[in-house]
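Chemist: The sequence shown lines up with residues 1064 to 1427 when you count with our numbering.
In this text, a Cβ means the ideal position worked out from N, Cα and C, and glycines have one as well.
Only a predicted model underlies this, so the values are computations on that prediction, with no experimental measurement involved.
One structure coming up, written as structure tokens, with questions to follow.
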Amino acid sequence: MIDAFRYFLPVDIRFGCGALQELPALLESIGSDKMVLVCDRFFDQFGKDLQKKVPAIVAVFSDVEPNPQLSGVEEVVRLMKATGASAAAAIGGGSAIDTAKYAAACAYSDHTPTAHFEGLPFPQKVAKIIAVPTTAGTGSEVTSVSVISRGDEKKTTHSPLFCPTACIVDPELTFTVPPKTTLMTGLDAFTHAIEAYWSIHHSPMTDLLAIEALKAIVPHLEKSYRDGDKDARVAMSYGSLLAGLAFSNAKTAACHACSYPLSSYHHLPHGEACAFTLDSFIRLNADDRLQTLAKTLGFADCDALADEIARLKETGGLRTRFAQLEGAVDLDRIVSESNVHMLMKNNPVQFTDAQLKAMFEQLL
Ligand code: NAD
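Listed below in structure tokens is the structure:
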């Protein structure tokens, strides 16, 4: 018996090595004669060169920071309003894509991005969004999510208005990502897939996507960052896209809930923050369904899968203990903010503060 489900995805997806060549034609075909390009800093020159080829690009913003700030969104909105742009195209990691998504949602608003960040609903009319990911991790190119920070306040906003009109996933763009970032973003994709699988909102459709994502990610993650192996990087881009498609509908859970205070107070990049608790939650969420998944992925059980994640983090030089992090540790604040985070409700196991604190104490 297959459970009933709904699956929503309005994004035109183009995947493949060399697919980037389709970008000028895609930008010209979306019916927008003025657009702002939001570019990752690494692709600044690429953005300027693209602007020469695509007259519709009226401005380029490339001052995107990791864990992108509301001030960047404000600047993109200012550029869009000043030029009359009706689209925001992003080329970069999740930070560039999320900046473009949030700016597109504010482009026709009579209010400031700050007002929307503080809770004012977005107008129904939004600018078009084109996303070209250059990391294999966030899946932001296919999600209805944008993650923006104001100082240390990191906030996830969900809205169907954030769904890109189209995306181009060209794995070759990820070939220049440094090893440690490749590992962190790869673990972010892994976390999206496993959290979509164990989320209480999972469905037969999201299970299919999550399992296929993990089958692509598990055998290729280490090779992709350690050797920069091109086939492995292509598999990681594919796995990241599938994981995005899975969690866009199933949502994420405990690892992501805990990642917010870890990024805000200890300044961990997003993938490293998710990975910080990933092996712990694999052990704590280990029910029959998860044991079956671990076996499907070639592990004896959930403990063996968790051990493999711990090994990857350790050998890849990621931080695994609070003692290695910046900033004073306030476990009670981390526990309470994680446990009230909306994503924690999606976890298959609900924890008391004391249980969550006991888990974090193991990571001191
Ligand atoms: P990022 O966009 O912050 O980029 C990380 C670093 O990699 C930057 O220094 C960037 O310049 C560099 N970089 C990117 N592409 C490169 C390339 N091809 N070659 C060399 N360097 C490159 O990292 P990310 O992990 O892609 O995105 C993280 C952000 O995405 C976080 O803010 C996170 O919260 C958010 N996120 C959003 C969603 C969503 O659905 N919207 C999902 C997960 C995470």
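Just confirm the distance between the C-beta atoms of V1099 and A1067, as a whole number of angstroms; I'd bet it's less than 8 Å.
Modeler: About 41 Å separates the two Cβ atoms, so there is no contact after all.
Chemist: Y1171 to E1137, Cα distance in whole Å?
Modeler: Answer to the nearest angstrom: the Cα atoms are 13 Å apart.
Chemist: For E1216, list the residues DSSP reports as bridge partners.
Modeler: R1213.
Chemist: Pop quiz: S1343 and A1313 are said to be a contact at Cβ under 8 Å. What is the actual Cβ separation, rounded to whole angstroms?
Modeler: Not really, about 21 Å apart at Cβ, beyond 8 Å.
Chemist: Flag L1236 as yes when its Cβ comes closer than 8 Å to any non-hydrogen atom of ligand 1, and as no otherwise.
Modeler: yes
Chemist: Does ligand 1 have a heavy atom nearer than 8 Å to the CB of T1244?
Modeler: yes
Chemist: Grouping DSSP H, G and I as helix and E and B as strand, with all else coil, what is A1256?
Modeler: If DSSP states are grouped into helix, strand and coil, A1256 belongs with the helices.
Chemist: Give the range of the beta strand (DSSP E) segment to which I1280 is assigned.
Modeler: Careful: I1280 lies outside any beta strand (DSSP E), inside the alpha helix (DSSP H) at 1267 to 1280.
Chemist: If you scan the segment 1143 to 1167 from start to end, which runs of the beta strand (DSSP E) of 3 or more residues do you find wholly inside it?
Modeler: If we require 3 residues or more, the beta strand (DSSP E) runs fully inside the segment 1143 to 1167 come out as 1150 to 1155.
Chemist: Can you find the residues in the same chain that come closer than 6 Å, C-beta to C-beta, to T1220, ignoring five residues on each side of it along the sequence?
Modeler: S1209
Chemist: State the Cα-Cα distance for the pair S1287 and T1254, rounded to the nearest angstrom.
Modeler: 17 Å
Chemist: Under DSSP, the beta strand (DSSP E) around I1065 begins and ends at which residues?
Modeler: Counting along the chain, no beta strand (DSSP E) covers I1065, and no H or E run does either.
Chemist: Which word fits R1384, buried or exposed, when buried means at least 16 other C-beta atoms lie within 10 angstroms of its C-beta?
Modeler: exposed
Chemist: Does the separation of the CB atoms of I1192 and A1153 fall below 9 Å?
Modeler: Judged by their CB atoms, I1192 and A1153 are nearer to each other than the 9 Å cut-off.
Chemist: Grab the span of the beta strand (DSSP E) containing M1299 for me, first residue to last.
Modeler: From DSSP, M1299 is part of no beta strand (DSSP E) but of the alpha helix (DSSP H) over 1293 to 1313.
Chemist: Between the alpha carbons of V1392 and A1178, how many angstroms are there, rounded?
Modeler: 31 Å
Chemist: Quick one: Cα of D1233 to Cα of E1377, how far?
Modeler: 29 Å
Chemist: Helix, strand or coil, according to DSSP, for P1131 in the structure here?
Modeler: In the structure shown, the three-state DSSP call for P1131 is coil.
Chemist: Relative to the alpha-carbon of D1103, which residue among T1206, I1160, D1112 has its alpha-carbon at the smallest distance?
Modeler: The shortest C-alpha to C-alpha distance from D1103 to any of T1206, I1160, D1112 is the one to I1160.
Chemist: Which one of P1324, G1291, F1124 has the shortest CA to CA distance from F1423?
Modeler: P1324
Chemist: Count the other CB atoms within 10 Å of the CB of M1405; is the residue buried (16 or more) or exposed (fewer)?
Modeler: exposed
Chemist: With a cut-off of 8 Å, do at least 3 Cβ pairs link the segment 1071 to 1084 to the segment 1235 to 1248?
Modeler: yes
Chemist: For the segment 1127 to 1135 against the segment 1189 to 1203, do three or more pairs of beta-carbon atoms, one drawn from each stretch, fall closer than 8 Å, so that the two count as touching?
Modeler: no
Chemist: Could you tell me how far apart the beta carbons of N1402 and H1264 are, in whole angstroms, since I believe they sit closer than 8 Å?
Modeler: N1402 to H1264, Cβ: 19 Å. No contact.
Chemist: Is the separation between the beta-carbon of A1357 and that of A1367 shorter than 9 Å?
Modeler: yes
Chemist: Quick check: is any heavy atom of ligand 1 less than 8 Å from the C-beta of V1074?
Modeler: Annotation for V1074 indicates a beta carbon at 8 Å or more from all heavy atoms of ligand 1.
Chemist: Does the Cβ of V1240 lie closer than 8 Å to at least one heavy atom of ligand 1?
Modeler: yes
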